[in-house]
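Everything on this sheet refers to the single structure shown next.
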Amino acid sequence: MSTDQATPAEEEYLQTIFWLKEARLPMTAANVARAMQLSAPTVHEMVGRLERDGYITRDADKAIAFTESGDRHAAEVVSRHRLIERFLTDVLGIPWDEVHEEAERLEHAMSPVLEERMRGAIGDAKTCPHGHPIVAGARVEGVPLADVQAGASVRILRFENEAEDLLRYLKLAGLEPGLEGTLARSDEDEVVVSADGQERTVTRSVAETVSVLADPSPPPRIALPEQLVLGRERYGR
Numbered sequence: 002m003s004t005d006q007a008t009p010a011e012e013e014y015l016q017t018i019f020w021l022k023e024a025r026l027p028m029t030a031a032n033v034a035r036a037m038q039l040s041a042p043t044v045h046e047m048v049g050r051l052e053r054d055g056y057i058t059r060d061a062d063k064a065i066a067f068t069e070s071g072d073r074h075a076a077e078v079v080s081r082h083r084l085i086e087r088f089l090t091d092v093l094g095i096p097w098d099e100v101h102e103e104a105e106r107l108e109h110a111m112s113p114v115l116e117e118r119m120r121g122a123i124g125d126a127k128t129c130p131h132g133h134p135i136v137a138g139a140r141v142e143g144v145p146l147a148d149v150q151a152g153a154s155v156r157i158l159r160f161e162n163e164a165e166d167l168l169r170y171l172k173l174a175g176l177e178p179g180l181e182g183t184l185a186r187s188d189e190d191e192v193v194v195s196a197d198g199q200e201r202t203v204t205r206s207v208a209e210t211v212s213v214l215a216d217p218s219p220p221p222r223i224a225l226p227e228q229l230v231l232g233r234e235r236y237g238r
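Residue numbers for the sequence shown, in the numbering used here: 2 to 238.
This is how it looks when you write it as C-alpha cells:
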C-alpha cells in the first residue's frame, strides 16, 4: 500500500522512472542513476524507500516496475510538471529553454485550484514546450534525428533530454518542436536540418536526443541510455 503523500525527493525519482518508462528504456536503478547523475548508493537508498512506501516493486533481477498507485502518482507529477512548463512559456512568456528547472521547483507545491486554473489558461495545448504529452499515454512515437537519411522530410516531435544547457543549445541551433524541414546532411559529426531557407546544425550526439517523424523513416529503435541524461552538465559538444 503506497503512502498518501510522496515527498518531493520521492516525486523526483518517480518522475525519472516514469520518463524511462515513456522512452522504453530499462527501468533500473543504474539508468535512474545515469539519468539523474547521482551515485549508485544514493539511488539504491531511494529506490528501496520507494519500494517500502509502495510506489514500485523490484523483481529478482532488480528491474523496477510501478505499482498501480505508483504509476498513477508518477503520471500526475509528470503531467503537472509539463503543464507548468507550458503555462510559463505560453502565458508568462518565459523562453522554453528556461522553464524545465523552474517547473521542477514549482511542481511539488502547486494546489489543485492553481493546477485547474493553469489548465484553463493553456487552452487546448497537448504537450509541454519540449514536445512531451501533458496527458500520460498520449506520446507519439518517433525516431532519433540521428538515424534519418539525407533527403528525408522531418517534423520535430520532442526533445527527449530536457537538461537546460542542452535545451539552450537546441534553441540557439534553431530547432524546436513542430519545426518541419528536410534532412540536408548527416555525417559522423553533425546533422543538418534545412527549414525555412536556413540550415540548422547540431552534433550527432545531440541529434540522438531529438525525436522526429520522418519520411522516409528509418526503423524505430530505443534511444541510447547514455545519451538521455537529465542532469545539468555540458552535453553533446
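Ideal placement from N, C-alpha and C gives every residue a C-beta, glycine not left out.
Nearest candidate by alpha-carbon position, reference residue i, set the options
i       : options                               : result
Ile-135 : Lys-127, Ala-10 and Leu-214           : Lys-127
Tyr-56  : Gly-49, Gly-71 and Gly-152            : Gly-71
Ala-61  : Ser-195, Arg-159, Thr-29 and Ala-75   : Thr-29
Thr-204 : Ala-41, Lys-22, Ala-10 and Glu-191    : Glu-191
Gly-1   : Ile-18, Gln-16, Asp-216 and Glu-161   : This structure cannot settle anything about residue 1, because the visible part of the chain is limited to 2 through 238.
Thr-183 : Gly-175, Ala-174, Leu-176 and Val-194 : Val-194
Thr-198 : Leu-146, Glu-103 and Glu-181          : Thr is not the amino acid found at residue 198; the sequence shown has Gly there. That would be Glu-181, whose Cα lies nearest to the Cα of Gly-198.
Leu-93  : Pro-130, Lys-63, Arg-50 and Val-141   : Pro-130
Ser-187 : Ala-36, Asp-148, Phe-88 and His-133   : Asp-148
Glu-209 : Glu-200, Leu-176, Pro-178 and Glu-161 : Glu-161
Gln-150 : Ser-218, Phe-67 and Ala-41            : Ser-218
Bridge-paired residues (DSSP) for residue i
i       : result
Pro-134 : Thr-128
Pro-216 : As written in the sequence, residue 216 is Asp, which differs from the Pro given in the question. Ser-154.
Glu-200 : Ser-195
Phe-67  : Ile-57
Val-92  : Per DSSP, none; premise fails for Val-92.
Pro-145 : Ser-212
Arg-159 : Ser-212
N-terminal and C-terminal residue of the beta strand (DSSP E) that residue i is part of
i       : result
Thr-43  : No beta strand (DSSP E) contains Thr-43, which is instead part of the alpha helix (DSSP H) from 41-53.
Ala-185 : 181-187
Same chain only: Cβ atoms within 7 angstroms of residue i, ignoring 5 sequence neighbours per side
i       : result
Glu-108 : Val-78, Arg-81, His-82 and Ile-85
Arg-59  : Glu-52 and Ile-65
Glu-23  : Arg-140
Glu-12  : Val-78 and His-109
Ala-122 : Phe-88 and Val-92
Ala-76  : Phe-19 and Ala-137
Close-in-space but distant-in-sequence residues of the same chain around residue i (CB under 6 angstroms, 5 per side omitted)
i       : result
Val-44  : Ala-30, Val-33 and Ala-34
Gly-143 : Leu-158, Ser-212, Val-213 and Leu-214
Val-48  : Ala-30
Pro-221 : Val-144
His-1   : Outside the shown range of the chain, which is 2 to 238, sits residue 1, and nothing can be said about it.
Gly-179 : none
Cβ neighbours of residue i in the same chain (closer than 8 angstroms, five flanking residues each side left out)
i      : result
Thr-98 : First, the residue type needs correcting, since residue 98 is Asp and not Thr in the sequence shown. Excluding positions up to five away in sequence, the list reads Glu-165, Leu-168, Arg-169, Leu-171 and Lys-172.
Ile-95 : Leu-89 and Glu-103
Ala-1  : Lying before the first or after the last residue shown, residue 1 is absent from the chain, which here runs from 2 to 238.
Bounding residues of the alpha helix (DSSP H) (the contiguous stretch that carries residue i)
i       : result
His-101 : 100-107
Thr-17  : 9-23
Met-37  : 30-37
Pro-113 : 113-122
Asp-166 : 165-174
Contact test: residue i Cβ vs the ligand COA heavy atom, cutoff 8 angstroms
i       : result
Lys-127 : In terms of ligand content, the structure shown is empty, and the ligand COA therefore cannot be addressed.
Residue-chain proximity (residue i, chain C), Cβ-Cβ < 9 angstroms
i       : result
Val-211 : The chain inventory of the structure shown lacks chain C, comprising one protein chain alone.
Presumed contact (8 angstroms Cβ cut-off) between residue i and residue j, rounded CB distance
i       : j       : result
Ile-223 : Arg-25  : 5 angstroms
Arg-201 : Gly-175 : 4 angstroms
Ala-7   : His-74  : 6 angstroms
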